[in-house]
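**Student:** Numbering-wise (numbering that gives the first Met the number 0), the sequence shown opens with residue 0 and increments by one. Note that CB positions come from ideal geometry on N, CA and C, so glycine has one too. One structure is given below, represented as structure tokens, and several questions about it will come after.
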Amino acid sequence: MFKQPASSHLGDCPICFLPMPLDKQKGAILPCCSKTICGGCMYASYLQQREDVSGPKCFFLQASSSTRCERQTNFSRDEDLDRLKRIEAGDPVAMREMGNGFVMKGDHTIALEYWTKAAGLGDVEAHY
Numbered sequence: 000m001f002k003q004p005a006s007s008h009l010g011d012c013p014i015c016f017l018p019m020p021l022d023k024q025k026g027a028i029l030p031c032c033s034k035t036i037c038g039g040c041m042y043a044s045y046l047q048q049r050e051d052v053s054g055p056k057c058f059f060l061q062a063s064s065s066t067r068c069e070r071q072t073n074f075s076r077d078e079d080l081d082r083l084k085r086i087e088a089g090d091p092v093a094m095r096e097m098g099n100g101f102v103m104k105g106d107h108t109i110a111l112e113y114w115t116k117a118a119g120l121g122d123v124e125a126h127y
């Protein structure tokens, strides 16, 4: 009755290997590496980093990162810089997220360009 589904179309969390929730508000995209993790792992990271004196680290890169939960000031500028690095590397998730940011700013033409590039590189969520 309370079993987890085998998987979802969003895949599994790369940390805990549980299926990603269908509600996108219950997950987060790390801007430093464009990995999507579940809300539980994001919260566990937040708790761990509150106690860690050495500063925030990315799960996957083991380098300093600038996610929303770790920095309270200037986070949008730091995230955009990280995202631009990922876009230069050809990351479709970063391109989709940059397009989403341009929609929030009201620039739909540039957003459509980023979404088209992301969809061309195989990002399913950039299609809708």
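So, at 6 Å on beta carbons, what are the nonlocal neighbours of residue 110 in its own chain, with the 5 sequence-adjacent residues on each side left out?
**Tutor:** 98, 101 and 102
**Student:** Specify, as a first and last residue, the run of the alpha helix (DSSP H) that residue 109 falls within.
**Tutor:** Here the alpha helix (DSSP H) through residue 109 covers 107-119.
**Student:** From the DSSP output, in three-state form, read off residue 27 for me.
**Tutor:** DSSP places residue 27 in strand when its eight states are reduced to three.
**Student:** Determine the burial state of residue 15: buried for a count of at least 16 other Cβ atoms within 10 Å of its Cβ, exposed for fewer.
**Tutor:** So residue 15 ends up on the exposed side.
**Student:** Residue 46: buried (16+ other C-beta within 10 angstroms of its C-beta) or exposed?
**Tutor:** Burial call: exposed.
**Student:** Can you give me the C-alpha to C-alpha distance between residue 115 and residue 127, rounded to a whole angstrom?
**Tutor:** 10 Å
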